[in-house]
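> Okay, here's the structure, questions in a sec.
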Amino acid sequence: MICIPVTERTQCAALRSAAAAAQAADAVELRMDMIEDGDLPRLIDAARRAAPRVRIVVTCRRKDERSVPDGVQPSREMTKKAKMALLEQAIALEADFVDIELAEGVRAIGRLQSLIRRRQGKTQVIVSWHDTAKTPSLAKLREIFAACVRTGADVVKIVPTARRADDNLKVLALIRHARWRGVRIIAMCMGEAGQQSRVLAPLRGSFLAFAVLPSGRKSAPGQLSVSTMRGLERLLQDGLSGIRPRFSPGGPAFVLLGNPVAHSLSPLMHNEALAAMGIDGHYSAFCVTDPAAAVAGIRGLNIRGASVTLPFKTAVAGCLDGLSADAAALGAVNTIVNERGRLIGHNTDWVGLLQALREETDIAGQTFVILGAGGTARAAVYGIKKEGGRPVIVNRTPEKGRLLAAAFDCPCYPPEALGKIRARALINTTPVGMTPRIHESPVPAKTLAHFPVVMDVIYNPLATRLLKDAKAQGCRIVSGLEMFVRQGAAQLKLWTGREAPLALMRAVVRERLETLDNG
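Given below as structure tokens:
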């Protein structure tokens, strides 16, 4: 359900807002701490006249738990006595909910509950807790949740402030914790960094989602407009660009962890694949700053699987319960599988790279030049050696190149030696040529004639400058698209035990990349 807070400063403006909110949403929250001359009976009547079935929430927020956007100041300060009188008036007026903070104490909460029982009223009590500065640990949030439950709350509301994106995972994990215990909960993060939780919390089973009218004042920073929230509801119901998974709270969840992730096409690719496979699940991207906190979120949410991208492929390995032999040998994880609570790290980068390479050349007994010495270069060296090939590392930073070469007992050369090396294929694992630097290439065009096959792990753009130059030199080329979709298909196999629709995944990513190229 979507709830719109009424926060206008004057009674006249609040009356108009209450009527408009009632017509646009499932519930209206009357923020009596923000309406300077608020007349509760008239406000409730205005909302119910506009929409008789709308649910009414009456709130008078404590000063220390109140968070409002910049430039918006609360207009009304109440003593605890006046606040209790107002909430008791809301019960007498048969508001659907009254919201009282846990910090007001069990006696005050019990007083409202006793009044409802005496009147045999329908009003339900929301016991709330807010942190306007931060998001505590998941363990602390669970302690606060338990304290709210002990008051006999009909609904628990817990709203901290996100300072970083992975704070959202803690709140989403708390929702699952509450649902396991059969407790209705409203949970989300305030702040701009908390907007992901505002979108995903209803999907996970949060009782209410808060939004704002286009012309209305926000009651907390980070709130989205009601039109945006309704649009997201439609996307979740109908899918996007042909994706039609059913986003049930019980369906398996898969996530991408990295920083940044906004550019990633993994959500598009994986959601298309899940839908085609008939799997009732969803894949979302999270921009995180703390890999340990992100892994804690995976545990708390019982996320089925995760992709890991830069810069956390190495750091996340130490946060897991175990590693596959390949991930341990590489020292890097790009895939996490939740095996009934045990988080196991895998690496499918080398699998995707080798599968793509095999389409154009044999590997055993052949020499391969790998440009770069980062994580993808490491996966390339590992896979080629495992397949019986001979990797040669070329890197502009000598020390980094030598470290990788020593780890896998292979030669390393500086870029100026590239023209003297003869090999079956050249594989670029550097970011040179990636959008937006699409006119750059890591290798002079004339040098490419030494290599029958040229592969670029970059997939955006589809045809990098390197691949265009290689094709002009008569080389066979391997696009980064092939590695990307094949490593993704290997991830899906690990998560689901089923073969992924590789052709569909390739087609949907290619279509999006071509759209971007033409845009």
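First residue of the sequence shown: 23, per my numbering; consecutive thereafter. Here a beta-carbon is modelled for each residue, glycine too, at the ideal position from N, C-alpha and C.
May I ask which residues mark the beginning and end of the beta strand (DSSP E) holding residue 81?
Its beta strand (DSSP E) spans residues 77-81.
> Output yes or no for whether 8 angstroms exceeds the beta carbon distance between residue 498 and residue 464.
In this structure, residue 464 does not lie closer than 8 angstroms to residue 498 by Cβ.
> List the residues that DSSP assigns as beta-bridge partners of residue 247.
234.
> At 4 residues or longer, and completely inside the stretch 137-178: list those alpha helix (DSSP H) runs for me, N to C.
The qualifying runs are 160-172.
> Hey, residue 357 and residue 329 are a contact pair by Cβ (cut 8 angstroms); roughly how many whole angstroms apart?
The Cβ separation is near 6 angstroms, so the contact holds.
> My understanding is that residue 199 touches residue 226, with C-beta atoms under 8 angstroms, so please give their C-beta distance in whole angstroms.
Not a contact, Cβ separation roughly 11 angstroms.
> Please report how far the alpha carbon of residue 439 lies from the alpha carbon of residue 511, in whole angstroms.
Approximately 36 angstroms between the Cα atoms of the pair.
> Does the stretch 444-453 come within contact of the stretch 422-432, defined as at least 3 CB pairs closer than 8 angstroms?
Contact between the stretch 444-453 and the stretch 422-432 is absent, because fewer than three Cβ pairs lie under 8 angstroms.
> CB-CB under 7 angstroms to residue 128, same chain, minus the five flanking residues each way: which ones, in chain order?
Excluding positions up to five away in sequence, the list reads 173.
> Report the partner residues of residue 368 according to the DSSP bridge assignment.
DSSP output for residue 368 lists 357 as bridge partner(s).
> For residue 259, count neighbouring Cβ atoms within 10 angstroms of its own Cβ and tell me buried if that reaches 16, exposed if not.
Confidence at residue 259 is low in this model, with a pLDDT of 43, below 50, so its placement is unreliable and no value can be given for it.
> What are the partner residues of residue 292, as DSSP defines its beta bridges?
According to DSSP, which records beta bridges pairwise, residue 292 is partnered with nothing at all.
> Just grab the DSSP bridge partners of residue 119 for me.
Note: residue 119 sits in a beta bridge opposite 79, 146.
> Under 8 angstroms between the Cβ atoms of residue 276 and residue 303?
Contact: yes.
> For residue 305, does the three-state DSSP call read helix, strand or coil?
Strand.
> Around the Cβ of residue 45, are there at least 16 other Cβ atoms within 10 angstroms (buried) or fewer (exposed)?
So residue 45 counts as exposed.
> For residue 465, which residues does DSSP report across the bridge?
DSSP, once it has assigned bridges, lists no residue as partnering residue 465.
> On the three-state DSSP scale, how would you describe residue 321?
Correct three-state label for residue 321: helix.
> Quick check on the burial criterion: 16 or more other C-beta atoms within 10 angstroms. Buried or exposed for residue 23?
With fewer than 16 Cβ atoms within 10 Å of its Cβ, residue 23 is classed as exposed.
> By the 10 Å Cβ neighbour count, where 16 or more other Cβ atoms means buried, how is residue 32 classified, buried or exposed?
By the neighbour-count rule (16 or more Cβ atoms within 10 Å), residue 32 is not buried but exposed.
> So, at 7 angstroms on beta carbons, what are the nonlocal neighbours of residue 281 in its own chain, with the 5 sequence-adjacent residues on each side left out?
Closer than 7 angstroms at the Cβ level, and outside the excluded window around residue 281, lie 309, 310, 311, 333.
> Going by other Cβ atoms of all chains shown within 10 Å of its Cβ, with 16 needed for buried, is residue 126 buried or exposed?
Buried, since its Cβ has 16 or more Cβ neighbours within 10 Å.
> Give the straight-line distance between the Cα atoms of residue 120 and residue 178, rounded to the nearest whole angstrom.
About 12 angstroms.
> Kindly identify the DSSP beta-bridge partner or partners of residue 327.
276, 359.
> Just to confirm the assignment: which complete beta strand (DSSP E) runs, minimum length 3, are found wholly within the stretch 429-454?
447-450, all fully within the stretch 429-454.
> My output table needs one value for residue 477: the three-state DSSP class, helix, strand or coil.
The answer is strand: DSSP assigns residue 477 an E or B state.
> I'd like to confirm the pairing. Which residues does DSSP put opposite residue 52 in its beta bridges?
DSSP, once it has assigned bridges, lists 28, 80 as partnering residue 52.
> By the DSSP assignment, the beta strand (DSSP E) with residue 393 in it spans what residues?
Segment 389-393, the beta strand (DSSP E) holding residue 393.
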